[in-house]
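*Asks:*
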Amino acid sequence: MKTLLNLLLFLISMTAVAEHHDNERVLVFGGTGRLGAPIVQLLVDAGYPVTVFARPTSNRERLTGYNVRYIIGDLMDADSVVAAIDGKSFAYVIDASARGASRNAFYDTAMRNILNAVSKGEVRQFILHGSVGAGDNMEKFPDIGFERMRGVMIAKGEAEAQLKSSGMPYTIIRNGFVKPDGTPATGTASLTEDDSVLEAVTRLDLAALTLQCLHNEECMNKTFHAVDD
């Protein structure tokens with residue numbers, strides 16, 4: 519009888535967890551990429567239902583073995599983004615996309631299309647992975663050479679501005695130098711609101727910081743720089 523009772527309590531607890539996470543669906547843009555994939559992996563491991571927005575040609579190898587749903591579209595095609603998301607609701611949206619070979623305006627165009635598609639839902643938090651030097655932040659790093667990437671950095675700044683003015687609760691995590699793929703996480707990375715710092719971080723640590731900020735009031739409506747001493 520005791521064993522049966524314990525089993526029943528376990529099943530009830532698992533049902534509660536499943537229902538809890540069912541209301542915490544996460545949509546990830548760039549989820550098959552070098553930063554997005556580690557984020558998706560941590561989300562799945564934590565029990566979140568994850569949907570990845572991907573192009574038809576996206577390489578899904580990094581997510582092999584992970585229970586992930588896919589919706590297909592092109593971030594540069596507003597209609598395809600709306601069509602992919604139509605009728606679906608997400609509690610959290612994470613944008614870890616990168617422009618690849620796309621034009622400089624990728625970031626502001628992608629943000630406009632994403633916001634247009636998800637604005638009908640009740641998004642509790644939108645986490646954007648951006649770059650140190652985005653927009654006016656370039657001025658704080660005159661010796662870095664951001665001027666050579668001025669078009670990209672302006673587009674990233676405009677993407678941030680769109681998100682901030684959207685009315686959605688947001689978190690922006692800027693990174694500076696990202697260490698090469700395969701670099702182990704240090705476990706010592708953190709976030710600061712000091713926008714005059716630029717340090718190297720690993721993608722694995724950025725993924726962990728993302729999970730730390732998810733549904734975290736201390737991260738809401740703030741812009742951070744990722745640092746690692």
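So my numbering is basically just the index in the sequence shown, starting at one, shifted up by 518.
Even glycine gets a Cβ: it sits at the ideal position worked out from N, Cα and C.
Here the structure is a predicted model, which is why all the values come from computation and not from measurement.
Mind checking Ala730: buried by the 16 CB within 10 Å criterion, or exposed?
*Replies:* A small correction: the amino acid at residue 730 is Gln; Ala does not occupy that position in the sequence shown. Burial call: exposed.
*Asks:* For Thr706 and Leu646, what's the separation of their Cα atoms in angstroms?
*Replies:* Rounded to whole angstroms, Thr706 to Leu646 spans 21 Å at the Cα level.
*Asks:* Comparing C-alpha positions only, which one of Asp604, Asp626, Ser683 and Ala609 sits nearest to Ala652?
*Replies:* When only C-alpha atoms are compared, the closest one is Asp626.
*Asks:* What does a CB cutoff of less than 8 Å around Asp699 pick up in its chain, not counting 5 residues either side in sequence?
*Replies:* Cβ neighbours of Asp699 beyond the five flanking positions: Arg552 and Arg721.
*Asks:* Specify the secondary structure class of Asn585 as computed by DSSP and reduced to three states.
*Replies:* In the structure shown, Asn585 sits in coil (DSSP, three-state: anything other than H, G, I, E or B).
*Asks:* Cα separation between Asp613 and Val715?
*Replies:* Taking the straight line from one Cα to the other gives about 22 Å.
*Asks:* Considering only the beta carbon of each residue, do Val544 and Tyr610 sit closer than 8 Å?
*Replies:* Closer than 8 Å, so yes.
*Asks:* Using C-beta distances below 7 Å, list every residue in its chain close to Ala596, excluding the 5 sequence neighbours before and after it, in chain order.
*Replies:* Same-chain partners within the cutoff: Asn631 and Asn634.
*Asks:* Could you give the residue range of the alpha helix (DSSP H) that holds Phe624?
*Replies:* Its alpha helix (DSSP H) spans residues Phe624 to Val636.
*Asks:* Measure the CB-CB distance between Val568 and Val600 and report whether it falls below 8 Å.
*Replies:* It is not a contact, given that the beta carbons lie outside the stated cut-off.
*Asks:* Thinking C-beta only, is Val696 closer than 8 Å to Val670?
*Replies:* In this structure, Val696 does not lie closer than 8 Å to Val670 by Cβ.
*Asks:* Between the alpha carbons of Ala555 and Val586, how many angstroms are there, rounded?
*Replies:* Cα to Cα, the separation comes out at about 11 Å.
*Asks:* Please list the terminal residues of the continuous beta strand (DSSP E) segment that includes Val708.
*Replies:* Sequence check: residue 708 is Ser here, not Val. Ser708 to Thr710 is the extent of the beta strand (DSSP E) around Ser708.
*Asks:* Jot down the residue ranges of each uninterrupted beta strand (DSSP E) in the stretch 585-618, minimum 3 residues, whole runs only, in chain order.
*Replies:* Entirely contained in the stretch 585-618, the beta strand (DSSP E) runs reaching 3 residues are, in chain order, 587-590 and 610-613.
*Asks:* Please tell me whether, using a cut-off of 7 Å, the distance from the CB of Cys731 to the nearest non-hydrogen atom of the ligand MG is below it.
*Replies:* This structure lacks the ligand MG, and indeed carries no ligand of any kind.
*Asks:* From Ala725 to Ser708, what distance separates their C-alpha atoms?
*Replies:* Ala725 and Ser708: Cα-Cα distance of roughly 11 Å.
*Asks:* So which of Ala744, Asp746 and Pro687 has the shortest CA-CA distance to Glu735?
*Replies:* Per the Cα distances, Pro687.
*Asks:* Please identify the residue among Lys740, Val745 and Ala572 whose C-alpha is closest to the C-alpha of Ser683.
*Replies:* It is Lys740.
*Asks:* Look at the Cβ atom of Asn622, then the Cβ atom of Ser649, and state whether they are nearer than 8 Å.
*Replies:* No, the Cβ-Cβ distance between Asn622 and Ser649 is not below 8 Å.
*Asks:* Using the Cα positions of Glu665 and Gly565, report the straight-line distance between them to the nearest angstrom.
*Replies:* Near 42 Å, if we compare the C-alpha coordinates of Gly565 and Glu665.
*Asks:* Taking the alpha-carbon positions, what's the Asp746 to Leu581 distance?
*Replies:* If I take the Cα positions, the gap works out to 27 Å.
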